[in-house]
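Visitor: After the structure tokens below, expect a handful of questions from me.
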Amino acid sequence: MGSRLLNIQRRAAEHGRLRTGYTQGNRPVRSATWVVTSHSEEHVRAAAELWGGEAEQWTPLNSNIAQWRVITKASSIEALITPGDPLNQYNEMWSAGGCQRRCDGETELLSRQACLCARQFGEDWHTQPKGRVCSATSRFNVMLPDLSGMGMWRAETHSFYAASEWGGMVDMVLAGTDGKGFVPVTLRIEPRQVVRDGKTKKFPVVVVELRGVTPRQALAGPMSTAVALDPTGARAVAAIEASRPDYLAMAAGALTVDDVQDVYRAAHAAGHLTDELVDALKQKAEELKAPAVEPDEDGAYPAEVVDEPSSSNWPAVAQAGSGN
279 MGSRLLNIQR RAAEHGRLRT GYTQGNRPVR SATWVVTSHS EEHVRAAAEL
329 WGGEAEQWTP LNSNIAQWRV ITKASSIEAL ITPGDPLNQY NEMWSAGGCQ
379 RRCDGETELL SRQACLCARQ FGEDWHTQPK GRVCSATSRF NVMLPDLSGM
429 GMWRAETHSF YAASEWGGMV DMVLAGTDGK GFVPVTLRIE PRQVVRDGKT
479 KKFPVVVVEL RGVTPRQALA GPMSTAVALD PTGARAVAAI EASRPDYLAM
529 AAGALTVDDV QDVYRAAHAA GHLTDELVDA LKQKAEELKA PAVEPDEDGA
579 YPAEVVDEPS SSNWPAVAQA GSGN
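Quick note: the sequence shown uses the working numbering, first residue 279, plus one each step.
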């Protein structure tokens, strides 16, 4: 591998944005489905083929540079969390002149003062009308594996509720992977409502969910790229099976019933027990159990020391080994 500049942060190019709303003229409109925007016509047309909708040219507000967008028919899309920390969150206030406030929840970073919104409106500042206080802004960089290009797509939300959920989800994943490897997720727009001051408010929230893998798999450390790209396919199954010990071979090499017990305990602790495996272990224990002892010509039996069973976690196998 070649060298890299050590004083420059390496990152993939941004291909476009994943939005939960769009504009009609100068009027913002919430969307129940994903809106994909990009400077690349190719990317947007590919998204339209994948998730429905019509690709069209579009010029964002306060800009004279045309882009492409598609209002898709999909409320859920598949994505990948990439290595590193993909999430940035600030409380922000914007105007035509740019960003007026950017706060980390305690300190307003532009003025270096204590949080201005909380100081003025208290801990429930986020219930104030939009424009009067900052918006909880979350920017989540993901890769869309079914679109062309190796770049990133930025999902952005100004939802106070999504901010806490995204942070919790991403932090749990990072705790398991240490920011290494890819993690398959689904980005889903979920309709919600709250009742405040006797009034019902409906709004969309973007939910980030694991896709095709269990929490055990996601938190067990970085997964292979093949599994992340195809979490429910044959490659994922093969990878999981490859990591599973060959308990039947271990049982075949057992010399005593205690050895069979050890195999049972290992499979039980790993969550790998199956009816087939229990039956095989029971059969092996039957084969290994001590032969019947006959008395001698005087009617006496030889002395034998019998240990107490060391575990009660495997009754089916223990019974086979005890001769009961």
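C-beta atoms are modelled at their ideal positions from N, C-alpha and C, and glycine is treated no differently. Since the model is a prediction, treat every value here as computed from it, not as a measurement.
Work out the CA separation of R295 and G446 for me, nearest whole Å.
Guide: Looking at the two C-alpha atoms, the distance is approximately 22 Å.
Visitor: Would you kindly report the start and end of the unbroken beta strand (DSSP E) that includes L465?
Guide: Where L465 is concerned, the enclosing beta strand (DSSP E) stretches over 461 to 474.
Visitor: Can you look up P407 in the DSSP assignment and give me helix, strand or coil?
Guide: Note: P407 maps to coil in three-state DSSP.
Visitor: Are the segment 346 to 357 and the segment 303 to 320 touching, with three or more C-beta to C-beta distances below 8 Å?
Guide: Yes, the segment 346 to 357 is in contact with the segment 303 to 320.
Visitor: Within the same chain, show all residues whose beta-carbon is closer than 8 Å to that of H321, passing over the 5 residues directly before and after it, in chain order.
Guide: The answer, listed in chain order, is H293, G294, V314, W346, L425, S426, G427.
Visitor: Run the CB neighbour count on E487, radius 10 Å, all protein chains shown included, and call it buried at 16 or more, exposed below.
Guide: Exposed, since its Cβ has fewer than 16 Cβ neighbours within 10 Å.
Visitor: With 16 other CB atoms within 10 Å as the buried threshold, where does S416 fall?
Guide: Its Cβ being crowded by 16 or more others within 10 Å, S416 is buried.
Visitor: Would you report the Cα separation of A325 and Q302, rounded to the nearest angstrom?
Guide: Roughly 21 Å between the two C-alpha positions.
Visitor: In angstroms, rounded to a whole number, what distance separates the CA positions of F460 and L358?
Guide: Near 6 Å, if we compare the C-alpha coordinates of L358 and F460.
Visitor: Since Q302 sits in a beta bridge, which residues does DSSP pair it with?
Guide: In the DSSP output, where bridge partners are listed per residue, Q302 has R305.
Visitor: Here's the rule: buried if 16 or more other CB atoms are within 10 angstroms of the residue's CB, otherwise exposed. What is I355?
Guide: Label assigned to I355: buried.
Visitor: To which residues of the same chain is N366 closer than 7 Å at the C-beta, ignoring the five residues directly before and after it?
Guide: Here the set comprises R417.
Visitor: On the DSSP letters alone, give me the boundaries of the beta strand (DSSP E) that L422 sits inside.
Guide: No beta strand (DSSP E) contains L422, which DSSP labels as neither H nor E.
Visitor: Just to confirm, does K560 get its C-beta within under 7 Å of one of the non-hydrogen atoms of the ligand NAP?
Guide: Judged by which ligands are present, the structure shown has none, so any question about the ligand NAP falls away.
Visitor: Hey, how far is the Cα of W372 from the Cα of R543?
Guide: The straight-line gap from Cα to Cα measures roughly 60 Å.
Visitor: Return the Cβ separation of P500 and K562 in integer angstroms, given the expectation that the two are a contact with Cβ distance under 8 Å.
Guide: Actually they are not in contact, since the Cβ atoms of P500 and K562 sit about 36 Å apart, beyond 8 Å.
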